[in-house]
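Residue numbers (the working numbering), protein chains in the order written: chain A, 598 to 907; chain B, 71 to 163.
Glycine included, each C-beta is placed from N, C-alpha and C at the ideal position.
Values in this document were obtained by computation on a predicted structure and should not be read as measured data.
Taking it in order: structure first as structure tokens, then the write-up.
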């Protein structure tokens with residue numbers, strides 16, 4: 598058992614139960630800053646938790662960070678765990694983070710697709726989707742990043758339940774997506790929405806469903822490029838920056854398209870590193886370097902959001 | 071528990087629009103059960119495909135027939151997964 602945040606090995610991959618248990622120890626270690634909220638249950642009835650970093654106030658302007666929406670992208674939640682610890686331990690030490698948390702909240706969802714994550718540990722390491730049943734099909738699961746109400750069912754998503762990019766029967770049909778949607782809407786004061794995927798080193802902004810530029814494209818591009826410059830400064834990891842549609846492919850029903858259309862201007866998606874040898878099997882000894890470089894970019898975005906309130 | 075013995079992950083650095091189209095056609099070959107880790111979209115990004123052992127010959131032939139060079143990124147996926155699992159067990163201990 599990894600009993601405390603001090604003995605926890607951040608340079609290892611962990612099972613869902615271990616991460617959930619570690620979240621409790623983080624809350625116990627930083628009770629005035631960190632709390633854990635259950636925002637609902639998954640399809641297979643697993644709890645879905647967010648970590649809230651807050652120094653007080655009520656529904657302060659907030660930043661959302663989710664990791665692990667695609668279950669096989671293990672370095673994403675592993676980076677999330679390291680990042681959550683970093684935020685908690687740097688509060689009161691790092692001036693800009695402290696200033697941010699004195700007026701804003703940060704919410705982190707470390708395992709956005711808990712059923713899928715558990716399934717990658719028990720049955721199929723390469724599983725990407727949720728685990729919901731699809732009536733009339735032998736194949737299970739919906740791509741939770743094609744299930745948001747952002748031109749749902751449009752180009753770049755599959756109608757085939759056996760596809761890894763199946764969009765599902767309707768927008769927000771996946772309870773995991775709906776739980777996040779309901780939470781974001783009920784809060785009502787998110788200023789930034791950051792979704793963390795892996796791999797291939799990209800920092801993206803909306804849209805994915807359309808190759809048209811969003812009204813804030815120029816600003817998002819500038820912020821993204823500055824964030825990536827900081828990321829790259831640590832180990833030289835090279836990122837591409839651009840809209841989802843322009844730097845990967847057209848993909849409808851994605852989370853940051855939805856958040857942007859809800860008025861959350863600073864919506865970004867990361868594809869964390871794999872420099873080209875391992876894909877989803879990124880060795881555990883690269884977790885901390887990945888998290889450390891990613892933190893520089895995340896921090897830049899968060900600082901920018903803090904200084905440019907709207 | 072699913073095993074990936076002999077599955078390879080291949081990488082293709084796409085050089086032309088024709089190659090992208092040939093790879094996109096490959097995506098629709100359902101019987102080969104290919105798992106596109108990175109999809110064919112532009113010449114700027116590589117394409118990574120997990121190829122089940124049973125489809126290796128067919129895919130190799132297809133790529134050669136279309137003049138598409140590739141390199142093997144992961145020779146045997148299961149070996150990496152076994153290492154990953156052993157490491158996790160050790161960490162848990």
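Quiz prompt | 6 angstroms CB neighbourhood of residue 750 of chain A in its chain, flanking five on each side removed | solution = 764
Quiz prompt | Proximal chain B residues relative to residue 863 of chain A, where beta-carbon distance stays under 7 angstroms | solution = Under the 7 angstroms cutoff, chain B gives no residues; its nearest Cβ is about 25 angstroms from residue 863 of chain A.
Quiz item: Does the beta-carbon of residue 792 of chain A have 16 or more other beta-carbons within 10 angstroms, so that it is buried, or is it exposed?
Solution: By the neighbour-count rule (16 or more Cβ atoms within 10 Å), residue 792 of chain A is buried.
Quiz item: CA-CA distance, residue 153 of chain B and residue 900 of chain A?
Solution: 39 angstroms
Quiz item: Taking 8 angstroms as the CB-CB limit, is residue 822 of chain A close to chain B?
Solution: no
Quiz item: If you draw a straight line from the alpha carbon of residue 865 of chain A to that of residue 826 of chain A, how long is it in whole angstroms?
Solution: Roughly 16 angstroms separates the two Cα atoms.
Self-check item: Spatial distance of residue 645 of chain A from residue 626 of chain A (CA atoms)
Solution: Between residue 645 of chain A and residue 626 of chain A, the alpha-carbon positions lie close to 21 angstroms from each other.
Quiz item: How is residue 605 of chain A classed by DSSP in three states: helix, strand or coil?
Solution: coil
Practice problem: Please classify residue 842 of chain A: is it buried, with 16 or more other beta-carbons within 10 angstroms of its beta-carbon, or exposed? | Solution: buried
Quiz item: What residues in its chain sit with their C-beta under 6 angstroms from that of residue 105 of chain B, if we drop five residues either side in the sequence?
Solution: 120
Quiz item: Counting pairs of beta carbons, one from the region 639-657 of chain A and one from the region 725-732 of chain A, are three or more of them closer than 8 angstroms?
Solution: yes
Quiz item: From which residue to which residue does the alpha helix (DSSP H) around residue 865 of chain A run?
Solution: Looking at the DSSP string, residue 865 of chain A is not in any alpha helix (DSSP H); the run it does join, the beta strand (DSSP E), is 863-869.
Quiz item: Distance, Cα to Cα, residue 632 of chain A vs residue 877 of chain A?
Solution: 30 angstroms
Quiz item: Residue range of the alpha helix (DSSP H) that residue 626 of chain A falls in?
Solution: Note, residue 626 of chain A: alpha helix (DSSP H), 613-626.
Self-check item: Residue(s) in a DSSP beta bridge with residue 635 of chain A
Solution: In the DSSP assignment, residue 635 of chain A is bridged to A/646.
Quiz item: Which residues in the same chain have their Cβ closer than 7 angstroms to the Cβ of residue 800 of chain A, if we skip the five residues on either side of it in sequence?
Solution: By the criterion of a C-beta distance shorter than 7 angstroms, residue 800 of chain A is surrounded in its chain by 821, 824, 825, 836, 838, 865, 867, 894, once the five residues flanking it on both sides are discounted.
Quiz prompt | Residues bridged to residue 141 of chain B (per DSSP) | solution = Partner(s): B/81.
Exercise. Check each candidate in A/869, A/863, A/681, A/722 and name the one with the smallest Cα separation from residue 903 of chain A.
Key: A/863
Quiz item: What does a CB cutoff of less than 8 angstroms around residue 129 of chain B pick up in its chain, not counting 5 residues either side in sequence?
Solution: 80, 96, 102, 104, 119, 121
Exercise. Rounded to whole angstroms, what's the CA-CA distance from residue 771 of chain A to residue 666 of chain A? Just pull it up for me.
Key: 12 angstroms
Exercise. Closer than 7 angstroms by beta-carbon distance: list the chain B residues that pair up with residue 643 of chain A, in chain order.
Key: By Cβ distance, chain B contributes nothing, its closest Cβ being about 20 angstroms from residue 643 of chain A, past 7 angstroms.
Quiz prompt | In chain order, each alpha helix (DSSP H) run of at least 4 residues that lies wholly inside the region 770-824 of chain A | solution = 772-784
Quiz item: residue 907 of chain A: buried (16+ other C-beta within 10 angstroms of its C-beta) or exposed?
Solution: exposed
Quiz item: What is the rounded straight-line gap between the Cα of residue 124 of chain B and the Cα of residue 701 of chain A?
Solution: 53 angstroms
Quiz item: Rounded to a whole number of angstroms, what is the C-alpha to C-alpha distance between residue 72 of chain B and residue 720 of chain A?
Solution: Going from the Cα of residue 72 of chain B to the Cα of residue 720 of chain A covers about 6 angstroms.
Quiz item: Fully enclosed by the region 713-760 of chain A, which beta strand (DSSP E) runs are 3 residues long or longer?
Solution: none
Self-check item: Separation of residue 618 of chain A from residue 672 of chain A, as counted between CA atoms
Solution: 19 angstroms
Quiz prompt | Helix, strand or coil at residue 120 of chain B according to DSSP, with G and I counted as helix | solution = Of the three classes helix, strand and coil, the one that applies to residue 120 of chain B here is strand, per DSSP.
Quiz prompt | Assigned secondary structure, residue 111 of chain B (DSSP; H/G/I helix, E/B strand, else coil) | solution = coil
Quiz item: Using the beta-carbon count (16 or more within 10 Å), is residue 735 of chain A buried or exposed?
Solution: Answer is exposed; the Cβ neighbour count stays below 16.
Quiz item: Are residue 675 of chain A and residue 845 of chain A close, meaning C-beta to C-beta below 8 angstroms?
Solution: no
Quiz item: How many Å lie between residue 707 of chain A and residue 135 of chain B at the Cα?
Solution: Put simply, the backbone Cα of residue 707 of chain A is about 44 angstroms away from that of residue 135 of chain B.
Quiz item: Buried or exposed: which applies to residue 744 of chain A, given that a residue is buried once 16 or more other Cβ atoms fall within 10 Å of its Cβ?
Solution: The residue is buried, with at least 16 neighbouring Cβ atoms inside 10 Å.
Quiz item: Of all the CB atoms in chain B, is at least one closer than 8 angstroms to the CB of residue 622 of chain A?
Solution: No, no contact with chain B.
Quiz item: Does the Cβ-Cβ distance between residue 613 of chain A and residue 711 of chain A come in under 8 angstroms?
Solution: yes
Quiz item: Between B/156, B/112, B/77, B/86, which lies nearest to residue 139 of chain B when the distance is taken from Cα to Cα?
Solution: B/86
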